[in-house]
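**Student:**
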Amino acid sequence: MRPPIFTKGLPREIRAKEGHPCSIQATISGEEPLRVVWTRGDNEELPDCEDMSHVELGNGDVALRVSDTFMEDSGLYTCTVYNKHGMAQSHTRLIVVEDGLDEDEGGEVPARILVGPEDCIALHGEKAVLSAIFSGNPQPTLLWSKGGEEIASTGRVKIVTDKEQGETRLEIDPVGADDSGKYVLTVYNHLATDYRFASLSVEGVPNPPAERPVVEARGCRAYVAWNSPHYDGGSMVTGYKVEMSSLNDQWTTVADRCHSLSHTVSGLEPGTTYTFRVSCQNAHGYSAPSRQSVPLTILRTEETSEEQGGVVKFEDGSLFAHRFERLEELGKGRYGVVHRIRDKINGKKYAAKVVRCIKQQDKDKVAQELDIMNSLRHPKLLQLVAAYENPRDVTLVLELITGGELFERVVADDFTLTERDCILFMRQICEGVAYMHSQSVVHLDLKPENIMCTTRNSHDIKLIDFGLAQKLSGDQPVRVMFGTPEFIAPEIINYEPIGTQTDMWSVGVICYVLLSGLSPFMGDNDAETFANITRAEFDFDDGDFDSISQTAKDFISELLVKRKEDRLTAEECLAHRWMSQEDTEMNKVALCTDKLKKFIIRRKWQKTGNAIRALGRMANLSAMTRRGSQSPQMTTRSSSQDSSKSGSRGRQCSERSDSGFSDCSTTGSLSNPSSGLLSDKKYSISEEVEQSQHSLHKFHDLKPVEDQPIKTIDEIDTAKSAAKVGKVARSTNENIQKAFAFWNR
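Start counting the sequence shown at 3; every next residue gets the next number (my numbering).
1) Rounded C-beta distance between V443 and L400? I'm assuming under 8 Å.
2) Would you kindly check if the distance between the Cβ of S292 and the Cβ of P393 is under 8 Å?
3) Short check: CB of I463 to CB of K382, under 8 Å?
4) Roughly how many angstroms lie between the CA atoms of M752 and F278, to the nearest whole one?
5) Leaving out five residues before and five after A491 in sequence, what residues of the same chain have Cβ atoms less than 6 Å from its Cβ?
6) DSSP three-state label for S648, please.
7) Alpha carbon to alpha carbon, what distance is there between Q385 and V313?
8) Taking a contact to mean a Cβ-Cβ separation below 8 Å, would you say V131 touches C81 in this structure?
9) Verify the CB distance criterion: does W607 have a CB-CB separation below 8 Å to chain D?
10) What residues are listed by DSSP as bridge partners for I466?
11) Check whether the region 116 to 132 and the region 187 to 206 are in contact - that is, three or more C-beta pairs closer than 8 Å.
12) Buried or exposed, going by whether 16 or more other CB atoms sit within 10 Å of the CB of C594?
13) Using DSSP's beta-bridge definition, name the partner residues of E46.
14) Please identify the residue among F484, S25, I558 and S264 whose C-alpha is closest to the C-alpha of L517.
15) For my contact list, D528 and P499 are in at a C-beta cut-off of 8 Å; report their separation, rounded to the angstrom.
16) Give the secondary structure of M483 by DSSP, where H, G and I count as helix, E and B as strand, and everything else as coil.
17) Since T255 is in the beta strand (DSSP E), which residue starts that stretch and which ends it?
18) Tell whether a beta-carbon distance below 8 Å holds between H341 and L332.
19) State the beta-bridge partners of Q2 as determined by DSSP.
20) Confirm, please, whether the CB-CB distance from G406 to C455 is below 8 Å.
21) Which same chain residues, not among the five before or five after S76, have their C-beta less than 7 Å away from its C-beta?
22) According to DSSP, simplified to helix, strand and coil, what is R605?
23) Quick one: Cα of F427 to Cα of E433, how far?
24) R95 lies in the beta strand (DSSP E); which residues open and close that run?
25) For N85 and F136, what's the separation of their Cα atoms in angstroms?
26) How is the alpha helix (DSSP H) around K365 delimited, first residue to last?
27) Return the CA-CA distance between L321 and K449, expressed in angstroms with no decimal places.
28) Kindly indicate which residue of A533, A554 and F532 has the alpha-carbon position closest to the one of F542.
29) Does the region 266 to 282 come into contact with the region 230 to 244, if we say contact requires no fewer than three beta-carbon pairs (one atom in each stretch) closer than 8 Å?
30) Alpha carbon to alpha carbon, how far is L446 from G501? Give it in angstroms, no decimals.
31) How long is the line joining the alpha carbons of R17 and G178, rounded to whole angstroms?
32) Hey, out of G476, D180, P6 and A134, whose CA is closest to D196's CA?
33) For C81, does the three-state DSSP call read helix, strand or coil?
34) Return the first residue and the last residue of the beta strand (DSSP E) that H324 is part of.
35) Tell me which residues share the same chain as V563 and place their Cβ nearer than 6 Å to its Cβ, disregarding the 5 neighbours each side in the sequence.
36) Tell me the DSSP secondary structure of G384 in three-state form.
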């Protein structure tokens, strides 16, 4: 058994004149058969041809003959010999010089770089070498530089030059991440200047994750989240290792190939304190561990029972300043303004939402919202802390959520979204929705903007905005006409009784968007979107669903069902096979979030456009006020009896809700508008003929039925803001019961 060896290797360097033949020769031995391969540069295999022939001279001598050398033939040549027992290699550099400019004859030769330097990859902490071969007479001057600055031999950086042999080397030992970059070699004499570029890439293990991991106890499980490293070691991070210690200095690996920035550790012992740390992995290995998390104690069952908040009641507004310090403004909307505040007693920070209440009915709406939030004491729902009443406004003190919208979090550059992450998020959503439904409360405005991360580093979420929430009673059907077009259920569009299943349709749409970035029923306009929803037709044909599990598709399909009684409940969702599985393989497939980013951008642009349209409506109203009664108006009839009826029916909508459309319309004189419902009023309506099976009824003309005082509806757009009302009677005794008024926010 004899592996191949070189009994006479290739010479260190071969010089040849341009246009002349050249032979590169070596002697080999080893057990036959032997296979000889000639390569140049970065493993460019040289074929046996007329210009470069492979020759076997006998007695183990092999050669590569170049029939006609050119300047571009200069470079590194390698002879590799194989047999069944192994391989051997030998290298040489071929330097081609111009004919007639022979330095040995005393002629002057312009400075020129013949070979290299070549791009180089070096491991962090090892030695990096950039080398080149040059020529010139008189002997040229050499200059190595990086970033426009000359490099000198100092400490770990050495420049070794042999002008007699025409060689120069830049050596960096040890090499670090800061040494990465583009290097320039310049050679010059009085005849010419030549320069070459070479890139040095320093790779190694990545840095540890930035900051310490964030941990949170969830029963006997721990939710661990972390940030990506500041430096990936020059090679893509391929996974993370999570380690756990129970304060005995013994670290146990609980996940070694985690592909997201979070992990849930199960099976922890109550009464035990744990710490966690995380390491990053790339092609070169694992980083050093991150800093340890803060200690986390798993409480016993009796200690983890849910803490029920007290019932919040309105307090006198003057007491607010005694307890809280008002800080900076966080946001402003049509309902009022939100400030960050600090509790003077314990220093905790909250959000104070100041709601303008000009009329008593405005305060009644806030009181109804307070009543609903008092019944929603759950960790996945935004919590109410206190409420203060002033003559012209109401202040609601809410827990402060600083993490931003969930969808914006998952498309961030430092987050890798997987199907497993989607399960964790959807499980939290369903936990909050299930609790709401157990309290006979429906949210009616579930959408991405109302799902928030509690902090910037946590993946714990909360549902917010209960401005449209309704309390259901078992004996009285409830119908509504508000929501956000892409997320409302068919029964809302058809003006049919709603139920807790109405929220589950929205949950299905949110899950579809989270997994794919696509909106399943989105049309070119609201009318087309409503038509798509009422048909309840969707598919998983897009390529983004190729990497999604079949159980996830089944989960969505069991929610996006037209008949609400056939949809999964929130409790059934939590028990669904997709939501309850612990398949760690799902962490290994990263979902593309490009379409989800476009979805978020489109939603934000829609809000901007709606705000501009709202300004247009204000201008139109101002013009109508100046024109008075000279211009034709769309009219309705309202009586004092109607007003009392609408008040007794309870809250139907909230002007504070971030909804796509609402049945709150502006009624009353233009000089003194007030908010009222379009329900329980009598209208006659002329209905346009449907152009196709997909078109919706359009409001064409509204006329007062009886000779009563006329009140103006706030600009119903007959072309774009139409909606299906259901079956419209053609006699005055069977006039329409409800009409859509779309608020194009």
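Just so you know, even glycine gets a beta-carbon here, dropped at the ideal spot from N, CA and C.
**Tutor:** Based on what the coordinates show:
1) About 17 Å separates the two Cβ atoms, so there is no contact after all.
2) Between P393 and S292, the gap from beta carbon to beta carbon reaches 8 Å or more.
3) Inclusion of I463 and K382 in the CB contact set at 8 Å is warranted, their separation being smaller than that value.
4) Lying outside 3 to 747, the shown extent of the chain, residue 752 is not represented and no answer is given.
5) Annotation for A491: T504 and W507 place their beta carbon closer than 6 Å to its own, counting only its chain and skipping 5 residues before and after.
6) For S648, the pLDDT reaches just 38, beneath the cut-off of 50, and the residue's location in the model is therefore unreliable, although a value from the coordinates is still provided. S648 falls in the helix class under three-state DSSP.
7) Cα to Cα, V313 sits roughly 11 Å from Q385.
8) With contacts defined by Cβ atoms closer than 8 Å, V131 and C81 do not form a contacting pair.
9) Annotation note: the requested chain D is absent from the structure, which comprises a single protein chain.
10) Looking at the DSSP assignment, I466 forms no beta bridge with any residue, so it has no partner.
11) Judged by Cβ distances under 8 Å, the region 116 to 132 makes contact with the region 187 to 206, as three or more pairs qualify.
12) C594 comes out exposed.
13) According to DSSP, E46 bridges with R42.
14) Closest option to L517, Cα to Cα, is I558.
15) With a beta-carbon spacing of about 23 Å, D528 and P499 fall beyond the 8 Å limit used to define contacts.
16) DSSP places M483 in coil when its eight states are reduced to three.
17) Counting along the chain, T255 sits inside the beta strand (DSSP E) bounded by residues T254 to C260.
18) Judged by beta-carbon spacing, L332 lies within the 8 Å limit of H341, meaning their Cβ atoms are closer than that value.
19) Given that the chain is displayed from residue 3 to residue 747, the structure contains no residue 2 and the question cannot be resolved.
20) Less than 8 Å divides the Cβ of C455 from the Cβ of G406.
21) Non-local beta-carbon contacts of S76 in its own chain, meaning distances under 7 Å to residues more than five positions away in sequence, involve L96, I97, V98, L116 and V117 in chain order.
22) In the structure shown, R605 sits in a helix (DSSP, three-state: H, G or I).
23) When rounded, the distance between both Cα atoms is 10 Å.
24) For R95, the enclosing beta strand (DSSP E) begins and ends at G88 to V99.
25) Distance from the CA atom of N85 to the CA atom of F136, rounded to whole angstroms, is 37 Å.
26) That run of the alpha helix (DSSP H) goes Q362 to N376.
27) Roughly 35 Å separates the two Cα atoms.
28) The candidate whose alpha carbon is nearest that of F542 is A554.
29) Contact between the region 266 to 282 and the region 230 to 244 is present, because at least three Cβ pairs lie under 8 Å.
30) Cα to Cα, the separation comes out at about 10 Å.
31) About 36 Å.
32) Selected option, being the one with the closest Cα: A134.
33) Three-state result, C81: strand.
34) Premise fails: H324 lies in the alpha helix (DSSP H), F322 to R325, not in any beta strand (DSSP E).
35) Shown here for V563: same chain residues with a beta carbon closer than 6 Å to its own, the five before and five after excluded, namely R569 in chain order.
36) At residue 384 the sequence reads Leu, which differs from the Gly that was named. DSSP places L384 in coil when its eight states are reduced to three.
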